[in-house]
Structure formats: structure tokens, C-alpha cells
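Here is the structure we will look at, set down as C-alpha cells.
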Amino acid sequence: MADAERPASPPTHWRKLGPGTAIPIVLLVGLLFLIANLHDGIATGFTAPRFVGDDQGGFVFYDEGSREMAFAFRQSADGKAFSQPTRSRGILAGAALTPDSLVTLFADPKDRAGWFYALYDRATLQRRWCGVFGETELGLTHPGHVAVLDSAVHVFGVDESGALRAAKVNEDGALVPLAAKLPGAWNGQDPDAPRESLKRLPHAYTSAEREGELVLAWRVATGEDPRPSGPGQVRFTRFDGERFEAISTVEQDLTAPALVARPDGTLWLFGVPREGDSRVEIFALREAGFERLDSLPAPEGRFQARAGITSLSAGTIGERLLLFSQVGTSIRYRSHTQAAGWDQGWKDLAMLPAEQQALIFGWFGALLGLALLLVARGGLGLLRGLRRQRAPRTPPPSRGEPAPSAPLVDRALAFSLDLGLLGGVALGLSAWIPGLEARIQAAPLAYAAFFTLGALAYFTACEVAFARTPGKAWVGLEVQDIAGGRAPWSAVLYRNLFRIELLLPPPNVLGALALLILVFSRHRQRPGDWVACTAVRVA
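Oh and the sequence shown: position 533 is 562 in this note's numbering, straight run, nothing missing.
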């Protein structure tokens with residue numbers, strides 16, 4: 030009877046979250062997704078190689094894939110060695126070389142009217158001219174490619190009717206419209222066919238000069254899927270500077286066409302079959318069209334072994350032919366000479382540093398581990414529920430009045446001391462380990478993440494072992510649970526995994542909000558303390 034009248038223990042705040050529930054794990058999953066969204070550029074790597082070259086040397090361009098819309102380029106005098114990358118702002122759509130100039134075509138992802146071209150002095154890379162495509166008489170409603178024919182720069186694109194158009198850059202750098210017009214480049218061979226979606230615009234333009242004419246190829250979508258990986262058709266034509274020949278097609282659908290004129294005068298077309306991206310097909314231009322010659326094995330993707338080739342570009346420097354490919358987030362290349370043939374294997378031009386790749390896969394591993402932990406906790410909870418009815422939880426025994434919360438000034442001083450200690454160790458390692466400083470410059474975000482992980486490990490280890498870090502010990506503070514006792518290791522782990530002020534970049538409003546919570550909360554708790562039911566108090 031006494032048991033029946035005993036009142037149930039009221040729910041208490043220390044059991045609503047804390048290390049004994051699955052809520053912190055769910056919050057960690059959300060935090061991982063938030064961090065990935067804020068730092069999505071770390072996994073994009075390098076894409077879209079574009080190469081232009083002649084007897085004087087060449088330039089290879091590739092996109093960095095960051096939110097800043099930037100690309101990098103490297104120079105080579107012989108095709109054997111490349112300069113260090115130079116970074117530039119903008120979205121590069123194409124490039125061409127003359128003996129004196131480098132010509133670039135820049136894209137605007139939001140508005141086709143925002144496309145423009147620029148001419149640079151080849152030796153100094155100083156801009157000499159910049160022009161746009163606003164004049165309606167040019168007919169270049171949708172520009173897409175720039176190429177050189179007989180040392181004259183031409184820009185190609187399509188108009189609203191789907192016809193291929195061309196304009197010439199005169200000696201002053203201005204565009205001069207040409208009468209050349211080729212219907213059917215965009216929406217099929219029928220020039221009267223209805224205008225299609227902008228997503229079906231020609232893409233993957235490529236060209237090569239041979240015997241006083243320019244062979245121009247491009248790819249268009251032919252199925253319901255307008256993406257570059259969907260069904261399509263590679264079309265090509267010849268341009269002599271005044272008019273286009275009729276459109277021809279390549280029998281095989283290639284998702285990454287790349288034309289190149291070899292030093293012996295023959296013209297090759299490289300491409301990746303849409304049904305299989307494990308090889309690069311090589312075609313030669315004959316009178317009847319392109320004839321398949323050979324194939325090259327695709328470069329291995331290393332961490333992304335099944336990524337496949339998504340982009341190709343080819344050109345020559347003197348007697349050396351260079352073929353560049355994008356595999357996953359890396360740019361790799363091979364060279365070919367008439368005397369020696371293809372060299373042995375693909376070489377790396379631009380790839381994510383190993384530290385950055387480790388960080389990416391570490392993020393996926395952490396997410397997978399948390400998901401498995403949630404499943405395990407759910408399964409254990411289900412088994413316990415089937416075996417017996419869970420007894421009501423009771424609060425821990427009282428430990429007396431907790432110590433006062435740590436003053437904000439003392440906490441800031443302790444945190445600064447700990448960060449100073451960690452920074453000194455990091456500087457010492459960078460000076461002691463050869464080449465580490467250069468690797469940090471190559472992957473700054475990855476090493477910033479490693480520093481953050483090291484800081485989290487430092488705080489967690491010290492607070493689990495001693496309930497305080499050296500900075501807290503010097504000021505006279507320690508980490509306790511909300512009731513004033515020693516915090517368990519799981520609570521210490523959670524409070525440090527939710528250091529939002531360290532995990533999120535400084536401009537982020539959530540980091541500032543975390544500090545505001547610390548200022549106005551009852552026990553001076555930041556979000557990590559709130560999740561783990563801990564507090565920092567005077568020792």
C-alpha cells in the first residue's frame with residue numbers, strides 16, 4: 030500500500046538532454062551537415078581543364094570549384110614542366126592563343142548578356158581589351174567558344190533560332206559580325222523546329238585548326254535529360270573564316286569531346302563514351318568523317334576510383350601533344366610525341382591534397398559512425414523495452430550547494446591561455462617539420478580543421494582526466510556537471526563536440542549566438558554545456 034501511494038519522481042532538467050539520451054547524437058548529425066554546408070568548397074576540387082598551346086608554349090586552365098567563382102592557370106614552355114598555379118576571379122568558358130595575345134571568354138551563370146571576352150598581352154598577361162556581346166547584329170545570343178584561325182581570333186555561339194554564328198575580333202580588339210550562319214546547330218537539322226529549353230544549348234565546344242580551316246565540334250542533348258551526362262550527339266563543321274560547311278555528326282555519343290591538330294597535320298578527336306567512362310576513345314578525321322583509331326585507359330581516381338572522366342582538353346606545344354582529363358576532383362594529363370608515342374601513365378597536374386581528402390572522408394566516416402551509433406542505441410532501447418518495463422529515473426543524490434559559476438572574464442582568459450598554448454605548439458611543429466608550411470598553404474582549410482580537431486581533443490582529454498585544462502587550472506576553474514559533481518567522460522565529450530564557436534567560421538551568426546547564450550544563460554552555459562548538462566565553475 031505504501032508503494033502504491035509513493036509519488037513518482039518528478040522529471041528534472043538534468044535528464045532531458047545529457048549523455049544518457051540520443052538527442053546529442055542527433056544534434057551532432059545536424060551540426061555535421063551544417064559544417065558541410067558552410068564548407069562545401071573543400072570537396073569540390075578541380076574541374077573543367079582547358080588547354081591552349083602553340084610552338085611558343087601553352088596555358089592550362091581549370092576551375093577551382095569554390096563559391097568565389099575562380100579558376101587557376103599554369104604555363105608551360107615545353108609541355109614537360111608547368112609553372113605554379115596562378116589564381117584569377119571569374120568563370121572561364123574558353124581560351125585561345127595568338128603569337129602575341131591570350132584571349133579568354135568569360136561566362137555569367139545568371140545572365141547570358143553578362144558574357145564577355147578579354148585580350149591579354151601574352152608576355153606580361155596585362156589586359157589590353159575587354160568586350161561584351163550586347164550588339165544584336167553580332168548574332169551571338171549565346172556565345173560559347175573562342176578559337177584562332179590564321180592568327181585571327183573568332184568567337185562562336187548560337188542565335189535565338191538555333192543557328193551557329195561567328196564574329197571576328199579585329200586589330201583593335203572589337204568584334205566584327207560575320208555573315209556566316211549555320212542553321213540546326215542547336216535544335217536539330219530542321220531550322221524551323223521550335224526553340225528548346227536553354228538547358229539544351231550546345232556545350233563542350235572544341236576546335237582545331239588544320240590546312241587553313243577550323244574544325245569546330247560541339248555536343249547537344251537529344252533525349253529528355255538535358256544534363257551533359259544524358260543522351261546526346263557530337264556535331265561538327267568546318268569553317269574557313271567566311272562560311273560554315275554543312276553539319277556532320279560523330280556516330281558514337283561522346284560526353285567529353287576534345288579536338289587537336291597533331292604536328293604531322295592529322296586531326297584527332299578524343300572522347301569518352303557515354304555508356305562507359307573507363308577509357309578515352311581516339312578518332313582521326315577522314316574524308317568520310319571520324320574513324321576510330323585506338324583507346325586509352327582512363328586514369329585511376331585513387332580515392333575516387335570509380336569517378337570516371339567528366340572532361341577532356343587537348344592541344345600541342347611544338348612536337349608534343351598534351352591530353353588533360355578531369356577524374357573526380359583531380360586534373361591529370363598524358364603526353365604524346367610522333368617518335369615515342371604515349372608516355373607511361375597519367376601524371377598529376379592538380380588534385381586535392383591528401384590532407385584535404387582525408388578530411389572529406391573523415392567527415393563521411395564520422396557521419397556514418399554517428400548513424401550506426403543511433404541505430405545501435407535504438408536497438409538496445411527496443412530490447413530493453415521488450416525485456417522489462419523501465420524503472421522511473423531518479424535524480425542523483427544531492428551534493429550540496431554547487432560552487433558559483435565562473436566569471437566570463439576568467440573563462441575568456443582561460444580560453445585565451447589554452448589557445449595560445451595550442452598555437453605555440455602548432456607554430457613549433459610547422460617550423461620543425463620540413464615542408465609543413467608549404468603544405469599548409471596548399472590546403473589551409475584542411476589544416477585549420479586539423480587544428481580544430483586537435484583543440485577539441487586537447488580540451489576533452491584534459492577535462493576528462495583533470496576536470497580542467499591548463500588555462501582553467503591557472504585561473505582556478507573546473508568543469509562540473511550541473512549538480513556540482515565531477516562530470517562523466519561522455520558529458521565532457523559532448524560539451525567539446527558542440528564547441529560551435531570553434532567549428533563554425535567567425536562571420537557565421539550561429540557562432541555569435543553561441544557566445545550570447547553563454548552570457549545570458551543561468552549557469553553561464555554555452556550550447557555544449559547545455560547539451561551535456563555541464564557548467565564551468567570556480568574550483
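We put the beta carbon where it would ideally sit given N, CA and C, even for glycine.
A quick note: this is a predicted structure, and the numbers were derived from the prediction, not measured.
One Cα belongs to Leu531, the other to Pro463, and the distance between them is close to 28 Å. In this structure Leu243 is buried. Its beta-carbon is surrounded by 16 or more other beta-carbon atoms within 10 angstroms. Within the same chain, Cβ atoms closer than 8 Å to the Cβ of Val279 are found at Ala246, Gln262, Val263, Arg264, Phe265, Pro286, Leu298, Gly300, Phe312, Gly318, Phe319, the five residues on either side in sequence being excluded.
The straight-line gap separating the alpha-carbon atoms of Thr235 and Tyr476 is approximately 38 Å. Taking a C-beta distance under 8 Å as the contact criterion, Arg468 and Ala496 do not qualify as a contact pair.
Comparing alpha carbon positions, the residue from Val493, Leu61, Pro212 closest to Gly391 is Leu61. For Pro499, the uninterrupted alpha helix (DSSP H) run begins and ends at 499 to 504, by DSSP. A direct Cα-Cα distance of roughly 18 Å separates Phe75 from Val81.
Looking at the DSSP output, Arg361 bridges to Ser354, Asp377. Where Asp150 is concerned, the enclosing beta strand (DSSP E) starts and stops at 145 to 150. By the C-beta density criterion, Thr153 is exposed, having fewer than 16 other C-beta atoms within 10 angstroms. The DSSP-derived three-state label of Phe444 is helix. Counting only unbroken stretches of 3 or more residues, the beta strand (DSSP E) elements lying wholly within the segment 127 to 203 are 130 to 136, 145 to 150, 156 to 161, 171 to 178, 181 to 187, 193 to 198, in sequence order.
Cβ neighbours of Ala125 within its own chain (closer than 7 Å, five residues either side excluded): Val81, Val132, Val175, Ala176, Val177, Val182.
Take Leu485, set aside five residues on each side of it, and the residues of its chain with a beta-carbon closer than 6 Å to its own are Asn525, in chain order. Across the structure, Leu378 and Arg361 are spaced so that their CA atoms are roughly 5 Å apart.
In the DSSP assignment, the residues bridged to Ala287 are Phe299. Your pair Gly294 and Arg239 checks out as a contact, with CB atoms roughly 7 Å apart and the cut at 8 Å. Judged by pairs of C-beta atoms under 8 Å, the segment 497 to 512 touches the segment 440 to 454, as three or more such pairs exist. A direct Cα-Cα distance of roughly 59 Å separates Val567 from Pro78.
Asp84 carries a coil assignment under DSSP once its states are collapsed to helix, strand and coil. Spanning the alpha carbons of Ala110 and Leu322 requires a straight line of approximately 28 Å. Residue pairing from DSSP places Gln262 in a beta bridge opposite Val249. Between Pro431 and Gln554, the gap from beta carbon to beta carbon reaches 8 Å or more.
When Ala106, Ser105, Tyr91 are compared, the shortest CA-CA separation from Ala99 is found for Tyr91. Boundaries of the beta strand (DSSP E) around Glu238: 232 to 239. Leu167 is classed as buried because its beta carbon has at least 16 other beta carbons within 10 Å across all chains shown.
Ranking Ala561, Gly191, Leu288 by CA distance to the CA of Pro517 puts Ala561 first.
Taking the CA atoms as reference points, Gly86 sits about 10 Å from Arg151. C-alpha of Leu283 to C-alpha of Thr563: approximately 60 Å in a straight line. In the three-state DSSP reduction, Pro556 falls in the helix class (H, G or I). Per DSSP, Ala475 is one residue of the alpha helix (DSSP H) stretching across 473 to 495.
Under DSSP, Ile546 shares a beta bridge with no residue. DSSP, reduced to helix, strand and coil, places Ser342 within a strand of the structure shown. For Lys210, the pairing in a beta bridge is given by DSSP as Arg194. For the pair Gln155 and Pro128, the Cα-to-Cα distance works out to about 15 Å.
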